[in-house]
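Participant: Residue numbers (the numbering used here): 2 to 483.
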């Protein structure tokens with residue numbers, strides 16, 4: 002899930018790059034491309050092991066897509082999961098395990114995942130939680146997502162980022178990077194990765210405000226992110242989705258994939274692009290899927306439901322685009338909003354229409370009052386019966402408690418689970434399945450961890466788990482070379 006841009010404002014003033022080095026000093030043990038959660042995790046891990054680290058971020062600020070995440074980060078069988086489960090009277094046999102989380106991960110990915118990577122993701126998650134908590138992250142609140150069998154998604158519990166994992170995660174990682182004096186250079190684009198005669202990656206060509214420079218590196222971590230914002234690359238891989246909007250920040254254009262491909266890197270699942278059915282038409286933030294799960298319904302401009310809101314993402318998105326003018330409204334009441342940990346953030350979005358009666362709602366949105374009333378009567382009757390004509394069987398609330406909330410939503414491209422092929426050491430593989438010496442990768446730039454669809458909450462787990470792994474392996478490679 003993603004976050005409205007206005008929430009990021011409280012984070013960005015703190016996130017400014019450290020002063021760049023002079024061109025003559027551009028060399029490091031480990032160079033990291035990208036300063037999202039994966040890149041910052043890799044940089045920190047390498048730095049903590051003793052490496053000289055440089056981070057290049059092409060955007061003006063750090064954070065990448067990670068800072069937009071408003072959902073959570075998965076840690077199966079964590080102490081918080083266990084304590085909350087037992088506090089509710091749960092038995093030992095019902096506890097979450099790494100094996101259950103692994104199975105959930107594989108099911109979400111349609112069993113197209115690399116099983117070695119999927120297992121490592123879950124096996125290394127709890128030590129990653131300990132690492133983040135030691136850095137000061139607030140990850141105490143645990144929720145259950147609709148695509149998981151156990152509650153394991155962690156969020157900040159309190160403070161200004163309550164329920165908003167992205168800003169909390171980036172704040173934590175950047176604060177430590179700043180304290181460790183890691184050199185992070187924003188507005189700096191990597192335009193080429195250069196290999197020596199032996200095939201080892203040794204040099205990067207970068208472009209910044211001062212021009213083009215060469216950077217020597219003993220090891221490189223590619224954490225440049227996905228490509229949902231690249232219409233060109235989407236047209237190449239999934240042309241039927243190229244006309245949709247994107248939930249991603251504008252820098253998610255697949256640069257890391259392009260750079261690695263030029264030196265022979267292989268990719269996998271590159272045609273897999275995930276759709277998010279409900280993003281705000283105005284500000285492009287993702288309206289939490291939890292709203293639909295907790296009872297919110299989709300209406301067309303006539304005030305009528307037209308699909309099972311809990312259907313798969315592509316089915317819901319297709320139904321939305323078949324409506325008149327491709328317009329749809331997400332409707333819920335105060336009861337549904339209050340079920341969310343992020344309700345105070347959601348309910349005060351500028352584009353949300355709030356009304357204290359159906360008459361007022363009809364007047365503000367243009368939906369016919371009588372049809373709107375009939376839709377809610379039908380909903381309540383379906384709740385009594387236990388199933389509606391669309392096959393929905395979950396009706397948590399009657400939707401009768403004012404105020405009512407409506408937001409215009411559209412489907413959009415969201416996450417790209419495919420990317421560079423890596424092994425269990427985060428080494429980038431070439432088209433023959435061999436590691437490219439000195440090149441490592443982590444996060445959304447890679448493929449294999451998630452198959453064709455990521456389990457909710459696993460994207461950030463992937464970023465930090467494999468970011469740390471890539472930083473660690475890059476450090477080992479760099480030191481062997483000295």
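For glycine and all other residues, C-beta sits at the position ideal for the given N, C-alpha and C.
Between which two residues does the beta strand (DSSP E) containing residue 406 stretch?
Facilitator: From DSSP, the beta strand (DSSP E) with residue 406 extends over 405 to 416.
Participant: Does the Cβ of residue 112 have 16 or more other Cβ atoms within 10 Å, making it buried, or fewer, making it exposed?
Facilitator: Flag for residue 112 reads exposed.
Participant: Name the residue from 405, 367 and 378 whose alpha carbon lies nearest to the alpha carbon of residue 339.
Facilitator: Among 405, 367 and 378, the Cα nearest to that of residue 339 belongs to 405.
Participant: Using 8 Å as the Cβ pair cut-off and three pairs as the minimum, do the region 422 to 437 and the region 360 to 378 touch?
Facilitator: With the cut-off at 8 Å, the region 422 to 437 and the region 360 to 378 do not touch.
Participant: Is the beta carbon of residue 74 sitting closer than 8 Å to the one on residue 444?
Facilitator: No; because the gap between Cβ atoms is not below 8 Å, this pair is not in contact.
Participant: For the putative contact between residue 468 and residue 39, defined by C-beta atoms under 8 Å, what is the C-beta separation to the nearest angstrom?
Facilitator: With 8 Å as the limit, residue 468 and residue 39 qualify as a contact, their Cβ atoms being about 4 Å apart.
Participant: CB-CB under 6 Å to residue 471, same chain, minus the five flanking residues each way: which ones, in chain order?
Facilitator: Cβ within range, chain order: 43, 222, 427, 441 and 443.
Participant: May I ask you to report which of helix, strand or coil DSSP gives residue 326?
Facilitator: Note: residue 326 maps to helix in three-state DSSP.
Participant: Run through DSSP, which three-state label would residue 262 get?
Facilitator: Looking at residue 262 - three-state DSSP - the assignment turns out to be helix.
Participant: What are the start and end residues of the beta strand (DSSP E) that includes residue 57?
Facilitator: Per DSSP, residue 57 belongs to the beta strand (DSSP E) from 54 to 57.
Participant: So, helix, strand or coil for residue 320, using DSSP?
Facilitator: Reduced to three states, the DSSP call for residue 320 is helix.
Participant: Please work out which residues of its chain come closer than 6 Å, Cβ to Cβ, to residue 129, disregarding the five sequence neighbours upstream and downstream, and give them in chain order.
Facilitator: If we look at residue 129 and ignore the five residues flanking it on each side, its Cβ neighbours are 465 and 466.
Participant: Helix or strand or just coil, what does DSSP make of residue 85?
Facilitator: In this structure, residue 85 counts as helix in the three-state DSSP scheme.
Participant: Beta carbon of residue 139, beta carbon of residue 157: below 8 Å?
Facilitator: A contact, by the Cβ cut-off of 8 Å.
Participant: Which same chain residues end up closer than 6 Å to residue 30 when comparing Cβ atoms and leaving out the 5 residues on each side of it in sequence?
Facilitator: Correct list, in chain order: 52, 53, 219 and 479.
Participant: Return the residue from the list 415, 477 and 47 that minimises the CA-CA distance to residue 1.
Facilitator: With the chain running from 2 to 483 in the structure shown, residue 1 is simply not present.
Participant: Provide the residue span of the alpha helix (DSSP H) that contains residue 185, from first to last.
Facilitator: Looking at the DSSP string, residue 185 is not in any alpha helix (DSSP H); the run it does join, the beta strand (DSSP E), is 184 to 186.
Participant: When you compare only the Cα positions, how much space is there between residue 314 and residue 81?
Facilitator: If you take the alpha carbons of residue 314 and residue 81, they lie about 30 Å apart.
Participant: Along the beta strand (DSSP E) that carries residue 439, what are the first and last residues, could you check?
Facilitator: Start and end: 436 to 442.
Participant: Could you tell me the alpha carbon to alpha carbon distance between residue 463 and residue 109, rounded to whole angstroms?
Facilitator: Straight-line Cα distance between these residues: approximately 14 Å.
Participant: Where residue 242 and residue 327 are concerned, what is the direct C-alpha to C-alpha distance, given to the nearest angstrom?
Facilitator: Roughly 15 Å separates the two Cα atoms.
Participant: What did DSSP end up calling residue 487 once you bin it into helix, strand or coil?
Facilitator: Nothing about residue 487 can be reported from this structure: the residues present for the chain run from 2 to 483 only.
Participant: If I measure Cβ to Cβ from residue 202 and keep anything under 6 Å in the same chain, skipping five residues before and after, which residues do I get?
Facilitator: Result list for residue 202: 194, 196, 221, 439 and 440, in chain order.
Participant: Quick check: what's the CA-CA separation for residue 59 versus residue 167?
Facilitator: Each residue's Cα considered, the two are about 19 Å apart.
Participant: What number of angstroms, rounded off, separates the C-alpha of residue 306 from the C-alpha of residue 323?
Facilitator: For residue 306 and residue 323, the distance between alpha carbons rounds to 13 Å.
Participant: Which residue or residues does DSSP assign as beta-bridge partners of residue 332?
Facilitator: Per DSSP, 298 and 407.
Participant: Please return the same chain residues whose Cβ sits closer than 8 Å to the Cβ of residue 380, not counting the five positions on each side in sequence.
Facilitator: Answer for residue 380: 298, 306, 389, 396, 399 and 400, listed in chain order.
Participant: If you draw a straight line from the alpha carbon of residue 190 to that of residue 240, how long is it in whole angstroms?
Facilitator: Near 27 Å, if we compare the C-alpha coordinates of residue 240 and residue 190.
Participant: DSSP beta-bridge partners for residue 214?
Facilitator: Answer is 207.
Participant: Verify whether the separation of the beta carbon atoms of residue 489 and residue 145 is less than 8 Å.
Facilitator: An answer regarding residue 489 cannot be provided, because it is not within the stretch 2 to 483 covered by the chain.
Participant: If you compare alpha carbons, which of 71, 267 and 282 is closest to residue 433?
Facilitator: If we check each option's Cα against that of residue 433, 267 comes out closest.
Participant: Going by C-alpha to C-alpha distance, which of 450, 452, 70 and 33 sits closest to residue 155?
Facilitator: With distances taken between Cα atoms, residue 155 lies closest to 70.
Participant: From the DSSP secondary-structure annotation, give me the bridge partner or partners of residue 497.
Facilitator: The first residue shown for the chain is 2 and the last is 483, placing residue 497 beyond what the model contains.
Participant: I'd like to check one pair, residue 446 with residue 224: are the Cβ atoms closer than 8 Å?
Facilitator: Yes. Within cutoff.
Participant: For the alpha helix (DSSP H) holding residue 287, just list the boundary residues, first then last.
Facilitator: Element bounds for residue 287: n/a, residue is neither H nor E.
Participant: Are the beta-carbon atoms of residue 67 and residue 290 separated by less than 8 Å?
Facilitator: Against a cut-off of 8 Å, the Cβ pair of residue 290 and residue 67 comes out as no contact.
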